[in-house]
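In this note's numbering, the protein residues as written are 821 to 1022.
The beta-carbon is built from N, C-alpha and C at its ideal position, and this holds for glycine as well.
Only one structure is covered here, and it is reproduced in the block below.
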DNA sequence: GCGACAG
DNA sequence: ATCTTGTCGC
């Protein structure tokens, strides 16, 4: 999308099976491969990328937005619909109000009210950008809905693709089966490894 | 040991 | 995330 007009410039998608389970704190391992697949199809070079997930508001300050920002060497922002880690005071009810999110004595993001009286979204820098700029961009990308337009449009596109695929292939895409497919494709040792407490300390 | 836990 | 039931505001 263009900024600040938010015109859609390109729409691309990527379909495949997930090969890693959803584990809080390890979302990148499950979704990054597919996101990279879709991003590889984009012709234009984005100036910045907004992700549906955390940036540095992560136990190890490495949410999916940060992870991919570093990988792609591109500025990124994390905008999650719910909290992973950190504490915050409820922000004011007006659209645009926000309060900082902190963990272990450091500010890692903010709870931003993108819609009056609605649950806030959690914004945190991915990489190559600061918190205040991240908040400003998310707000300027938000219109009448809770989610910033880039993320909302992405969700709508996925819904569109999925429905078309379901009717054309007779058998719908077992979206919930991502669980089933996952268990059958993730090597046993891999799952055991990541199922332990704080596996990154091993 | 118990609770929390992006999508 | 997905699913189901019911409610509130434009």
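Opening and closing residue of the alpha helix (DSSP H) in which residue i lies
i, result
"residue 958", "951-960"
"residue 902", "Segment: none, residue 902 is in no alpha helix (DSSP H) and carries neither H nor E."
"residue 857", "847-859"
"residue 871", "Counting along the chain, residue 871 falls outside any alpha helix (DSSP H), though it belongs to the beta strand (DSSP E) covering 869-871."
"residue 970", "969-988"
First through last residue of the beta strand (DSSP E) which encompasses residue i
i, result
"residue 927", "926-932"
"residue 835", "No beta strand (DSSP E) contains residue 835, which DSSP labels as neither H nor E."
"residue 889", "Here residue 889 belongs to no beta strand (DSSP E); instead the alpha helix (DSSP H) covers 884-892."
"residue 826", "Neither: residue 826 is in no beta strand (DSSP E) and is coded neither H nor E."
"residue 922", "918-923"
Rounded distance between the beta-carbons of residue j and residue i, thought under 8 Å
i, j, result
"residue 875", "residue 946", "4 Å"
"residue 961", "residue 904", "Rounded, the Cβ-Cβ distance is 21 Å, inconsistent with contact."
"residue 850", "residue 834", "Going by Cβ atoms, the distance from residue 850 to residue 834 rounds to 14 Å, so no, they are not a contact pair."
"residue 912", "residue 878", "No, residue 912 and residue 878 are not in contact; Cβ-Cβ is about 26 Å, not under 8 Å."
"residue 883", "residue 873", "6 Å"
Whether residue i touches residue j by CB criterion (8 Å)
i, j, result
"residue 895", "residue 929", "no"
"residue 789", "residue 917", "What the structure shows of the chain is the stretch from 821 to 1022, and residue 789 is not part of that stretch, so it cannot be assessed."
"residue 855", "residue 836", "no"
"residue 828", "residue 973", "yes"
"residue 951", "residue 927", "yes"
8 Å Cβ shell around residue i - same chain, five flanking residues per side excluded
i, result
"residue 914", "933 and 936"
"residue 1007", "With a pLDDT of 49 at residue 1007, under the threshold of 50, the modelled position of that residue is not reliable, and no figure is offered here."
Spatial neighbours of residue i in its chain, beta-carbon cut-off 7 Å, leaving aside the 5 residues before and after
i, result
"residue 970", "821, 870 and 961"
Counting pairs of Cβ atoms below 8 Å between the region 859-870 and the region 931-944, do you hit three or more?
-> no
Is it true that the region 939-948 meets the region 890-903, where meeting means three or more beta-carbon pairs spaced less than 8 Å apart?
-> yes
Count the CB pairs spanning the region 903-921 and the region 972-986 that are closer than 8 Å, and state whether there are at least three.
-> no
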